[in-house]
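For reference, the structure is listed below as structure tokens.
Numbering (this note's numbering), first residue to last: 51 to 166.
See below:
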């Protein structure tokens with residue numbers, strides 16, 4: 051059974067939907083399960099001002115994208131590599147859901163690709 055906390059994160063769609071106004075964009079697909087995500091970042095002066103996303107994915111990828119969209123705002127681009135160090139994200143990577151690691155990490159990979 052999926053934890054209600056994951057469902058809550060996945061249902062938060064406040065950052066869902068692309069604006070197609072950013073040059074910091076990435077689209078990737080999980081080759082194992084078929085999850086897809088598109089990420090758009092608004093970056094000014096090396097600081098992420100906003101993140102928007104669209105997914106065709108499982109609930110784990112959706113929850114991860116929702117959490118990341120809130121967490122990375124106002125963070126410096128150079129700090130993005132440390133994304134998995136905060137508590138909510140660690141919850142998604144617990145032993146209970148370890149088999150879904152690639153689903154959880156897909157939004158992280160998309161963000162890293164978008165800022166290259």
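Note that the Cβ used here is the ideal one computed from N, Cα and C, for glycine as well. Here the structure is a predicted model, which is why all the values come from computation and not from measurement.
If we count the other Cβ atoms within 10 Å of its Cβ and call it buried at 16 or more, is residue i buried or exposed?
i	result
residue 167	Residue 167 lies beyond the residue range present for the chain, which begins at 51 and ends at 166; the question has no answer from this structure.
residue 90	buried
residue 155	buried
In the DSSP assignment, the alpha helix (DSSP H) including residue i goes from what residue to what residue?
i	result
residue 121	109-121
residue 158	151-164
Which one of the options has the shortest CA to CA distance from residue i?
i	options	result
residue 126	162, 73 and 141	162
residue 118	102, 109 and 128	102
residue 86	93, 65, 112 and 58	112
residue 61	107, 128 and 144	107
residue 56	139, 132 and 160	139
residue 63	114, 95, 153 and 146	114
residue 164	59, 72 and 66	72
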